[in-house]
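S.K.: Take a look at the following structure, please.
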Amino acid sequence: MHYPIPRTLEEMTALSQHPVNGDLVASAIAGVITICRAQGHTLAQVQEWVLAEDDLLDQKTRQWLSEALAVAWSSVDALTVTSSSEGDR
Numbered sequence: 486m487h488y489p490i491p492r493t494l495e496e497m498t499a500l501s502q503h504p505v506n507g508d509l510v511a512s513a514i515a516g517v518i519t520i521c522r523a524q525g526h527t528l529a530q531v532q533e534w535v536l537a538e539d540d541l542l543d544q545k546t547r548q549w550l551s552e553a554l555a556v557a558w559s560s561v562d563a564l565t566v567t568s569s570s571e572g573d574r
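Residue numbering for the sequence shown follows the numbering used here, beginning at 486 and increasing consecutively.
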């Protein structure tokens, strides 16, 4: 199942209503990138937030997520263009 890339916090929150799977995680990551960019944030800022100590994720998981964000950051533009084009058909 493919999920649209969330463009608002409400759309991000709505993802929590679905069972977690790879497509959902990819959509959530793309949504975070899309929303953060729209708000003028940089990859470095988002990675800093992800790497900050918290009670939800351990250090290894935060590091993995930070690296996944870096890889996805450059890919989201292509995904957004593709999604928009496909929606126009």
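A virtual CB, placed ideally from N, CA and C, is assigned to each residue, including glycine.
As the structure is a prediction and not an experimental result, all values here were calculated from the model.
So what does DSSP say about V517, is it helix, strand or coil?
M.R.: helix
S.K.: In terms of residues, what are the limits of the alpha helix (DSSP H) holding Q532?
M.R.: L528 to L536
S.K.: How about the segment 504–517 and the segment 554–562: do they share at least three Cβ pairs that are nearer than 8 Å?
M.R.: yes
S.K.: Please classify A529: is it buried, with 16 or more other beta-carbons within 10 angstroms of its beta-carbon, or exposed?
M.R.: exposed
S.K.: Just verifying my parser: in three-state terms, what is the DSSP assignment at V505?
M.R.: coil
S.K.: Please state whether the Cβ-Cβ distance between S589 and L541 is less than 8 Å.
M.R.: In the structure as shown, the chain begins at 486 and stops at 574. Residue 589 is therefore absent and cannot be evaluated.
S.K.: Taking all protein chains shown into account, decide if T546 is buried (16 or more other Cβ within 10 angstroms of its Cβ) or exposed.
M.R.: Classification for T546: exposed.
S.K.: From which residue to which residue does the alpha helix (DSSP H) around L494 run?
M.R.: Per DSSP, L494 belongs to the alpha helix (DSSP H) from L494 to A499.
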